[in-house]
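Take the position in the sequence shown, starting the count at 1, then add 1452; the result is the number in our numbering. Beta carbons are placed, not taken as given, at the ideal position from N, Cα and C, and that holds for glycine.
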Amino acid sequence: MRSAFDFGPYRRSTVGFDRLFDMLENSNTGQAQENYPPFDLIKLGDNDYRIELAVAGFKSDEIDITAQQNVLIVSGKKAEDSENRGNDYIYRGIATRSFERRFALADHIQVRGADLKDGLLAIELVREIPEAMKPRKISISGGEKPASQQTLEAEKA
């Protein structure tokens, strides 16, 4: 289902934002959003972030973290516990159902690492912008030949 908002004028006046507009148009799919496991997004600095997921009851070998291009997928599948078989639970409030959480990552966001401690899975992220994409100062020549043209003439001589 497409959004009621028309992104056509923005698509015509921008370059390279197709994926963003596709995400905005397809965000309202009519399906209920999964809220398990709960998570926090934390900005640690200008280029450092952390995602913390509450995964109580899961061990590190029961959680899988996959970083694909611009998508981080965190999934968990609880292994059958042989020590809990045969137990009669009066109340079971700790959810151990399988889950899959997807996070859309901006360009140049890299996963630095993950740590599971006290029932919280912390995933460290960093934005690493390549040197070629960082802003650079462009010099303006004052009526002289451009530097590249001067270099070509010097090579010919």
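Given residue i as reference, the closest of the options once Cα atoms are compared
i, options, result
"residue 1489", "1578, 1576, 1554 and 1586", "1554"
"residue 1556", "1532, 1458, 1515 and 1520", "1520"
"residue 1497", "1576, 1586 and 1531", "1576"
"residue 1558", "1522, 1585, 1495 and 1516", "1522"
"residue 1610", "1585, 1581 and 1516", "Since the first and last residues shown for the chain are 1453 and 1609, residue 1610 lies out of range."
Element boundaries [beta strand (DSSP E), containing residue i]
i, result
"residue 1563", "1561-1569"
"residue 1507", "Careful: residue 1507 lies outside any beta strand (DSSP E) and carries neither H nor E."
"residue 1576", "1572-1579"
Under 7 Å between C-beta atoms of residue i and residue j
i, j, result
"residue 1552", "residue 1512", "no"
"residue 1502", "residue 1566", "no"
Same chain only: Cβ atoms within 6 Å of residue i, ignoring 5 sequence neighbours per side
i, result
"residue 1579", "1499, 1560 and 1561"
"residue 1492", "1504"
Sequence-distant residues of the same chain with beta carbon closer than 7 Å to residue i, five excluded per side
i, result
"residue 1460", "none"
"residue 1525", "1518, 1552 and 1554"
"residue 1529", "1514 and 1550"
"residue 1465", "none"
Beta-carbon contacts of residue i that lie in its chain and below 8 Å, excluding the five residues immediately before and after
i, result
"residue 1494", "1501, 1502, 1503 and 1504"
Problem - Touch test, the segment 1500-1511 against the segment 1543-1562, Cβ-Cβ under 8 Å, three pairs minimum - result: yes
Problem - At least three beta-carbon pairs within less than 8 Å, the segment 1561-1575 to the segment 1584-1593 - result: no
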